[in-house]
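Structure first, then comments.
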Amino acid sequence: PNTSQQPQSKQKKPKIRSQSNSSTITDEDISDDPLNPAQVLFSNNKSLPITYPQFKYLLECSTNKSVNIRNLCEEANVKMCTLMTIIEEAHSIIKNSRTKAKLTKFRNLLFQIMPDETT
Numbered sequence: 001p002n003t004s005q006q007p008q009s010k011q012k013k014p015k016i017r018s019q020s021n022s023s024t025i026t027d028e029d030i031s032d033d034p035l036n037p038a039q040v041l042f043s044n045n046k047s048l049p050i051t052y053p054q055f056k057y058l059l060e061c062s063t064n065k066s067v068n069i070r071n072l073c074e075e076a077n078v079k080m081c082t083l084m085t086i087i088e089e090a091h092s093i094i095k096n097s098r099t100k101a102k103l104t105k106f107r108n109l110l111f112q113i114m115p116d117e118t119t
């Protein structure tokens with residue numbers, strides 16, 4: 001009877017390992033900058049009005065309620081509609097769901113505060 005129980009416990013262990021493997025991948029994604037894949041946008045398109053560090057900074061500031069996004073865009077010398085386009089392009093490259101959610105919130109915020117003059 002002991003030999004029949006051992007294979008069962010061995011069968012359960014790989015399942016646990018596969019779960020921990022998938023969580024390790026997630027941990028690596030989180031420890032790595034989840035926005036890193038978006039760097040390709042900036043290295044491949046030199047005509048973008050902002051750099052990757054500026055984009056990252058704008059994204060980080062977008063979650064701060066006390067920061068005026070319009071002023072940030074003016075300081076970075078980027079139009080809100082251009083920034084929205086960059087966000088949409090970055091969104092398609094990013095794999096991390098939390099980062100995608102941040103990008104979506106930032107884009108929606110820009111959409112809300114954008115002047116109507118672009119229509």
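Letter by letter, the sequence shown follows residues 1 to 119 in the UniProt record's numbering. C-beta: ideal position from N, C-alpha, C; glycine also.
Tell me the residue span of the alpha helix (DSSP H) that contains residue i.
{"i": "V40", "result": "39-44"}
What is the DSSP secondary structure of residue i, reduced to helix, strand or coil?
{"i": "I50", "result": "coil"}
{"i": "Q112", "result": "helix"}
{"i": "N36", "result": "helix"}
{"i": "K102", "result": "helix"}
{"i": "I25", "result": "Model confidence at I25 stands at a pLDDT of 41, short of 50, so the residue's coordinates are unreliable and nothing is read from them."}
{"i": "T118", "result": "Confidence is the limiting factor: at T118 the pLDDT is only 46, short of 50, which leaves the residue's position unreliable, though a coordinate-based value still follows. Correct three-state label for T118: helix."}
Measuring only the C-alpha atoms, how far is residue i from residue j?
{"i": "E28", "j": "K105", "result": "Per-residue confidence for E28 stands at a pLDDT of 43, beneath the threshold of 50, marking its modelled position as unreliable; the derived number appears in the next sentence. Approximately 24 Å between the Cα atoms of the pair."}
{"i": "R98", "j": "S43", "result": "23 Å"}
{"i": "H91", "j": "L103", "result": "7 Å"}
{"i": "K79", "j": "C73", "result": "6 Å"}
{"i": "E88", "j": "K100", "result": "10 Å"}
{"i": "R70", "j": "T63", "result": "14 Å"}
{"i": "P34", "j": "P115", "result": "31 Å"}
By alpha-carbon positions, which one of the options ends up nearest to residue i?
{"i": "A76", "options": "K100, L58, Q39, N45", "result": "L58"}
{"i": "V40", "options": "Y52, F111, R70", "result": "Y52"}
{"i": "K56", "options": "C81, F111, P37", "result": "P37"}
{"i": "L109", "options": "I94, K95, N68", "result": "N68"}
{"i": "Q54", "options": "L83, K65, N96", "result": "L83"}
{"i": "K46", "options": "E60, K95, I86, C81", "result": "I86"}
Quiz item: Residue ranges of each alpha helix (DSSP H) run of no fewer than 4 residues wholly in the stretch 48-93, ordered along the chain?
Solution: 52-62, 69-76, 80-93
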